[in-house]
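Colleague:
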Amino acid sequence: MSKMLIDIGSTYFKVSANNKINHYFRNFDKDIYHDLKSKCGDEISKFDKEDIYICSSANGGLSTLIIGISESFSLKYATNIAYNSGINIIDTILYRDIDTYSIPSETIDVVIIVGGIDSVSNIYDQKLLDYLEKINYQNIVYVGSSSTSEFINNNIENLKIMENIIDNKLHMVEDELKDYLTHLYQQDIMGKEDIKHLYEITANQIYSTPYIVNQSLPYINNILENVDPFIVVDIGGATTDIHYSKELADDNIITENEYDRLVFKKLGVYKSRDSLVFSAKNNEFVYELLAYLNTTENELDKKNDDSTKLLMRLAIFLVLYKVSHHHKSYLNLKLASLNSIVFTGGITKVLNNDEIKEIVSFFYKKILNKKSFPEVVIDNNYAIWTLGIENNQES
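This is the structure:
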């Protein structure tokens, strides 16, 4: 029996049925359910609820704060699991410096506390409790040393304690935390009026779009002519994501998953436009890039089609910069080893192949000192997500 696949994005609906993908620009004056029904209700009615599969990034995902002991293990492992569960990380806190961290103004959906192998005790003390009293959060989970769990459990209300994500061999144990975060995402969907009504259309679980895209990476060659090794850059209205093979990471994490994901919540072109402009104006190379493009920073403050195109191009440069060796960050990728860069998401509606190549070329020459650059592959029909959702239902 044929199936219908639907992706609810921040700016577009994507509907795949009968070997055809249609895109519908959202009407923000309507809620998601009624807008979707008005645009393709007749097509939806042809399918049983059991044969309709939906993923969504429109609810914004969950905001997460992670507190850990070390950059090398606890923060890195918890960050990796959160990203690959489709979670948005607002900050990570190294516990020894917790006194100097600012207090988030927003309500945090989930706080993750991690640190130490099970034989290590006395990891946390009153400083943790004092910090937690100052922040607003909905959920809190402890996935650190079992030797410290009694102190944590006795002093933090409504705490969820799960298996330590760091085993005694310093390998990552991810399944229980990933399942917990995925469940929270489902609860979040069910709490959002716009999203929960979609269960009137489908009898299947609604997944996070970034999670689904990550599931698609092993199958991309089925629809696109790209060459390994490659990364997928997904630039949309709310975030910019990079999906990559872990072989490209300098500091590989031992885990069952072959592919990982990084999300840059402040590099979206519409919902996080102001933060993208801020990042661009504070990058030492962007002004040279603007001159290369025969434009000025004044264009960044305008809100028209030309400025949107410029911001898309700057998002390409900034996200590559943030995972390069030029930038100290959570993770650096071996960009000089790439044979292909696949672009997907809203960028495919705004920029053409030459406009994207121009930015990639500038980055490789200026930042990596390379005369050549990877092949640019564009997912023009925004079809990658269909591979992930099809594979997810089979598994």
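As numbered in our numbering, residues 17 to 411 make up the sequence shown, in order. A virtual CB, placed ideally from N, CA and C, is assigned to each residue, including glycine. In this text the structure is predicted, and so the values were computed from the model without any measurement.
(1) Can you give, in chain order, each stretch of the beta strand (DSSP E) that sits fully within the stretch 169 to 248 and has at least 3 residues?
(2) When DSSP labels each residue in this structure, what does L52 get in the three-state scheme?
(3) What residue from N368, H259, N299 has the CA that sits closest to H343's CA?
(4) Whole angstroms is fine: what's the gap from A399's alpha carbon to L175's?
(5) Give a yes or no on whether the C-beta atoms belonging to F246 and V358 are separated by under 8 Å.
(6) What's the C-alpha gap between V159 and L193?
(7) Which residues mark the beginning and the end of the alpha helix (DSSP H) in which T108 is found?
(8) With a CB to CB cut of under 7 Å and the five nearest residues on each side skipped, what residues in its chain are close to M17?
(9) In its own chain, which residues sit with a C-beta less than 6 Å from the C-beta of G131, not counting the 5 before and 5 after it?
(10) Starting from the N-terminal side, write out each stretch of the alpha helix (DSSP H) that is 4 residues or longer and does not extend beyond the stretch 354 to 399.
(11) Report yes or no: do three or more beta-carbon pairs, one from the stretch 327 to 334 and one from the stretch 362 to 369, lie closer than 8 Å?
(12) How far does the beta strand (DSSP E) with D257 in it reach, from first residue to last?
(13) In this structure, does DSSP put M17 in helix, strand or coil?
(14) Looking at C-beta atoms only, is the number of pairs between the stretch 91 to 109 and the stretch 118 to 125 that lie closer than 8 Å three or more?
(15) Can you tell me whether DSSP reads G404 as helix, strand or coil?
(16) Indicate whether V376 and E241 have their beta-carbon atoms separated by less than 8 Å.
(17) Taking 8 Å as the cut-off, decide whether the C-beta atoms of L186 and N155 are in contact.
(18) Of all the options L78, S79, S73, M20, which has the alpha carbon lying nearest to the alpha carbon of C56?
(19) Identify which residue in Y337, S137, L144 has its Cα closest to the Cα of S165.
(20) Tell me the residue span of the alpha helix (DSSP H) that contains K150.
(21) Under 8 Å, do T218 and I70 count as touching if we go by C-beta distance?
(22) Taking only runs that begin and end inside the stretch 284 to 356, name each unbroken alpha helix (DSSP H) of 4 or more residues, in chain order.
(23) Any idea what DSSP makes of N96, helix, strand or coil?
Modeller: Walking through what the data contain:
(1) 175 to 177
(2) Residue state, collapsed to three classes: helix.
(3) Closest by alpha carbon: N299.
(4) 40 Å
(5) yes
(6) Near 8 Å, if we compare the C-alpha coordinates of L193 and V159.
(7) Unbroken run through T108 is the beta strand (DSSP E), 104 to 110; no alpha helix (DSSP H).
(8) Because the pLDDT at M17 is just 49, under 50, the model does not fix this residue reliably, and the point stays unresolved.
(9) Its chain contains G84, I85, S90, I139, G160 as the residues whose beta carbon lies nearer than 6 Å to that of G131, once the 5 sequence neighbours on both sides are disregarded; these appear in chain order.
(10) 369 to 382
(11) Contact between the stretch 327 to 334 and the stretch 362 to 369 is present: three or more C-beta pairs spanning the two stretches fall below 8 Å.
(12) 256 to 261
(13) Interpretation of M17 is limited by its pLDDT of 49, a score under 50 that renders its predicted location unreliable; the figure taken from the coordinates is listed afterwards. The answer is coil: DSSP assigns M17 none of H, G, I, E or B.
(14) Taking 8 Å as the limit for Cβ pairs, the verdict is that the stretch 118 to 125 does touch the stretch 91 to 109.
(15) helix
(16) It is not a contact, given that the beta carbons lie outside the stated cut-off.
(17) no
(18) The residue with the shortest Cα to Cα distance from C56 is M20.
(19) S137
(20) 142 to 150
(21) yes
(22) 289 to 297, 302 to 308, 321 to 338
(23) DSSP places N96 in the helix class (H, G or I) of the three-state scheme.
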